[in-house]
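Straight run, no breaks: the sequence shown in the working numbering ends on number 343.
For glycine and all other residues, C-beta sits at the position ideal for the given N, C-alpha and C.
Since we're looking at a predicted model, the values are computed, not measured.
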Amino acid sequence: MHDTSYLLLYVDDIILTASSMALLERVITALSAEFAMTDLGELHHFLGLAVRRDSQGMFLSQTQYALEILERAGMSSCHTASTPVDTSPKLAAEAGCPVTDPSAYRSLAGALQYLTFTRPDIAYAVQQICLHMHDPRDQHLALVKRVLRYVKGTLCHGLQLTPSATDCLVAYTDADWAGCPDTRRSTSGYCVFLGDNLISWSSKRQHTMSRSSAEAEYRVVANAVAEASWLRQLLQELHRPLHSATVVFCDNVSAVYMTTNPVQHQRTKHIETDLHFVRDRVALGHIRVLHVPSSRQFADIFTKGLASPLFLDFRSSLSVRESPVATAGDVRQTE
């Protein structure tokens, strides 16, 4: 196999790694000959994300950024919460009186969105906050404060990435059918693992109303299949092609059945595009859609509020945990 190097560029910030130190040094020398740049050594920060390397792998966190959000909100000394959102139904658009400072609400919502880059455990709560940025109300602001109290209690948490013995791509999908009290649209959620590592996730309200729970679940299966297809293509371009089908887990039996049923029923014609898209990928052998019991449906954390024991269990399954002790690594950062 040939030596390989990977370069990630954002404006003037670069992450560079390679399959050997010799190749890494050659690439840095070649780049330095063409551009004015500084080798910052091992990767430790990138676009506000802190990176720590140890014997277990790589830990990504945004502790300092979270502290700045709390300070901006005047909640540096607030009490903590065990979960970012309670198990009550979703908030309506006109829940309470309008807030006195909508700009501050929107600023905090945007800041929390960026925090989800290493904190998938708050993705659902932040999605609910962002739905009401156009007209924030008191109860929406109360949700913001609850998320901040949860962040306060989990400041040292982040996303752990570890070496994995398998390179299989696995996705979990879930939908909270007709959960929005204003539009009755469903909330879609999925998470994608490469081996043991969480690499992609989403919590989003669906664009249209679904007439059944199976339809809502199938729409999010289609979204996850689209994401998995893109990831498979990306890995192939990175010379790490997958040789096995991506498994997509869904806890709705009817939605699972529709992925392989060749008969176009009258009740599914309005989602025909999604049906054909998923079935084509299944027929090609790139995707397998299987049933998973709700007790192991990790994507639940992206569609609804969960009781604390279940939330903590699923959070651990997403590899969100406390920060390990920092040790040396081999990845270089340049600018």
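Other residues of its chain near residue i: CB distance less than 8 Å, five sequence neighbours each side excluded
i       : result
Thr-335 : Summary for Thr-335: the model assigns pLDDT 42, below 50, so the residue's position carries little reliability, and this model does not support an answer.
Leu-151 : Val-93, Leu-99, Ala-133, Gln-136 and Ile-137
Arg-80  : Ser-115, Leu-116 and Ala-119
Ser-27  : Asp-11, Thr-12 and Ser-13
Beta-carbon proximity of residue i to residue j, cut-off 8 Å
i       : j       : result
Arg-219 : Thr-195 : no
Val-228 : Ile-295 : no
Cys-199 : Leu-156 : no
Ile-279 : Asp-129 : no
Leu-246 : Tyr-14  : yes
Ala-74  : Leu-123 : yes
Ser-325 : Ser-69  : no
Arg-193 : Thr-216 : yes
Gly-197 : Ser-211 : yes
Phe-257 : Val-286 : no
Gly-260 : Ser-221 : Checking the displayed sequence, the identity of residue 260 turns out to be Asn instead of Gly. Yes.
Ser-252 : Cys-176 : yes
Leu-167 : Val-328 : yes
Thr-162 : Ala-315 : no
Ile-77  : Leu-120 : yes
Leu-55  : Asp-21  : yes
Val-178 : Thr-254 : yes
Cys-164 : Thr-71  : yes
Cys-105 : Asp-146 : yes
Strand pairing of residue i, partner residues [DSSP]
i       : result
Cys-199 : Tyr-180 and Trp-209
Val-233 : Val-233 is not bridged to any residue.
Val-297 : Val-256
Asp-21  : Tyr-18
Arg-384 : This structure does not reach residue 384, given that the chain is present from 9 up to 343, and the question cannot be answered.
Pro-106 : Arg-145
Val-134 : DSSP output for Val-134 lists no bridge partner at all.
Glu-330 : His-165
Ala-26  : Ser-13
Under the three-state DSSP convention, the category residue i falls into
i       : result
Leu-55  : coil
Val-256 : strand
Ala-119 : helix
Gly-166 : strand
Thr-71  : helix
Gln-244 : helix
Met-266 : helix
Ala-89  : coil
Phe-125 : coil
Leu-97  : The residue asked about is misnamed: residue 97 is Pro in this sequence, not Leu. The answer is coil: DSSP assigns Pro-97 none of H, G, I, E or B.
Phe-319 : helix
Trp-238 : helix
Asp-308 : helix
Leu-32  : helix
Leu-283 : helix
Leu-292 : coil
Spatial neighbours of residue i in its chain, beta-carbon cut-off 6 Å, leaving aside the 5 residues before and after
i       : result
His-140 : His-148
Tyr-132 : Ser-211 and Phe-310
Pro-144 : Val-107, Pro-110 and Tyr-113
Arg-1   : Given that the chain is displayed from residue 9 to residue 343, the structure contains no residue 1 and the question cannot be resolved.
Arg-323 : Asp-129
Ala-224 : Ala-183, Trp-185, Ser-194 and Ser-218
Lys-312 : Asp-184
Cβ neighbours of residue i in the same chain (closer than 7 Å, five flanking residues each side left out)
i       : result
Asp-204 : Thr-170 and Ser-172
Tyr-226 : Ala-263, Met-266, Ile-279 and Asp-282
Gly-337 : At Gly-337 the pLDDT is 46, less than 50, meaning the model places this residue with poor confidence; the figure from the coordinates comes in the next sentence. Hits under 7 Å: Glu-50, Leu-51 and Arg-61.
Leu-31  : Asp-11 and Ser-13
Tyr-18  : Leu-55
is_contact[residue i, chain C] using C-beta, thresh 8 Å
i       : result
Arg-240 : Although the question refers to chain C, the structure presented lacks it and comprises just one protein chain.
Using 8 Å as the threshold, is the segment 179 to 186 in touch with the segment 109 to 116, meaning 3 or more CB pairs across them?
no
I'd like to know if the segment 104 to 113 and the segment 44 to 60 are in contact, where contact means that at least 3 CB-CB pairs between them fall below 8 Å.
no
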